[in-house]
Amino acid sequence: MTQTRTIMCFGDSNTYGAIPTLARVGRRRFTPDRRWPGIMRRQLGSGWDVIEEGQGGRTTVHDDPIEGLHKNGLKSLPVCLETHMPLDLVILMLGTNDLKHRFSVTPNDVADSVEILARIVLRSEAGPAGVAPAVLIVAPPSMLEVDWFGQMFLGGAAKSMHFAGLFRDAARRAGAAFFNAGDVVESSAVDGIHLDSDAHRVLGTELAKVVQSLIGKA
36 MTQTRTIMCF GDSNTYGAIP TLARVGRRRF TPDRRWPGIM RRQLGSGWDV
86 IEEGQGGRTT VHDDPIEGLH KNGLKSLPVC LETHMPLDLV ILMLGTNDLK
136 HRFSVTPNDV ADSVEILARI VLRSEAGPAG VAPAVLIVAP PSMLEVDWFG
186 QMFLGGAAKS MHFAGLFRDA ARRAGAAFFN AGDVVESSAV DGIHLDSDAH
236 RVLGTELAKV VQSLIGKA
């Protein structure tokens, strides 16, 4: 009997698949087959189950006083681990929303926060036979400050350019694997935050290769 490997993708609107737009209302998402987790699932083939846990506006560890306290990834991650266990791998791609001006954090703060999430997974019993799942930290691509998003994320573009190196260090400290999304994709020029369809395709394809190297073929 073929063993099924289960992956949970825990992230923000770029895991949810938000379509780049400057519209404040009526925002849409890509269909499952055009979102990077779905593309990764297709590339991996049979024997893999990919769970999408993407939430627009999700932060690493911060309560958002404007968009809602439920956006705090630190609070929702343990629930998701328990809901979807057993998990072989958890992919964490978060950090961009921490750059909203109202949080006043440094790039180091964001990397430290991602490390906290990784350690929660690695200290859990959410994997097969009660062991911890493996963790892959994905650094989001650098953002751009565009239109009203630029006001919300004032100063965020410069901070995001430090993510790759700092997230790599955080992954090393935590004992997690690392991938820099910025090596293969860019944020859309439409809104400066979200990935377009081509970027989802490329990211999903590349992450499938990384996953195969981490936990092998089912």
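With our numbering applied, the sequence shown corresponds to residues 36 to 253, in that order. Glycine included, C-beta positions come from ideal geometry on N, C-alpha and C.
Close Cβ partners of residue i (< 8 angstroms) along its chain, the five nearest in sequence each way excluded
| i | result |
| --- | --- |
| F262 | No statement about residue 262 is possible, as the shown extent of the chain runs from 36 to 253 and does not include it. |
| E117 | A161 |
Reduced DSSP secondary structure (H/G/I, E/B, other) of residue i
| i | result |
| --- | --- |
| L124 | strand |
| E221 | coil |
| M196 | coil |
| F138 | helix |
| A206 | helix |
| A253 | Bear in mind that the predicted position of A253 carries a pLDDT of just 43, short of 50, making it unreliable; the figure below should be weighed with that in mind. A253 falls in the coil class under three-state DSSP. |
| I155 | helix |
| D47 | coil |
| V85 | strand |
| A58 | coil |
Cα-Cα separation between residue i and residue j, rounded to whole angstroms
| i | j | result |
| --- | --- | --- |
| T240 | H97 | 31 angstroms |
| P100 | Q38 | 43 angstroms |
| D182 | R62 | 16 angstroms |
| T95 | V220 | 22 angstroms |
| R70 | C115 | 20 angstroms |
| A206 | D147 | 10 angstroms |
| L79 | K106 | 30 angstroms |
| A253 | H235 | Here A253 scores only 43 on pLDDT, less than 50, and its place in the model is too uncertain to base an answer on. |
| R137 | M128 | 21 angstroms |
| L122 | G165 | 10 angstroms |
| R64 | S111 | 21 angstroms |
Same chain only: Cβ atoms within 7 angstroms of residue i, ignoring 5 sequence neighbours per side
| i | result |
| --- | --- |
| M196 | S177 |
| L249 | L124, A169, L171, A212 |
DSSP bridge partner residues for residue i (one or two, in chain order)
| i | result |
| --- | --- |
| T94 | N107 |
| D99 | G103 |
| L171 | I126, A212 |
| T41 | D84 |
Spatial neighbours of residue i in its chain, beta-carbon cut-off 6 angstroms, leaving aside the 5 residues before and after
| i | result |
| --- | --- |
| L242 | M75 |
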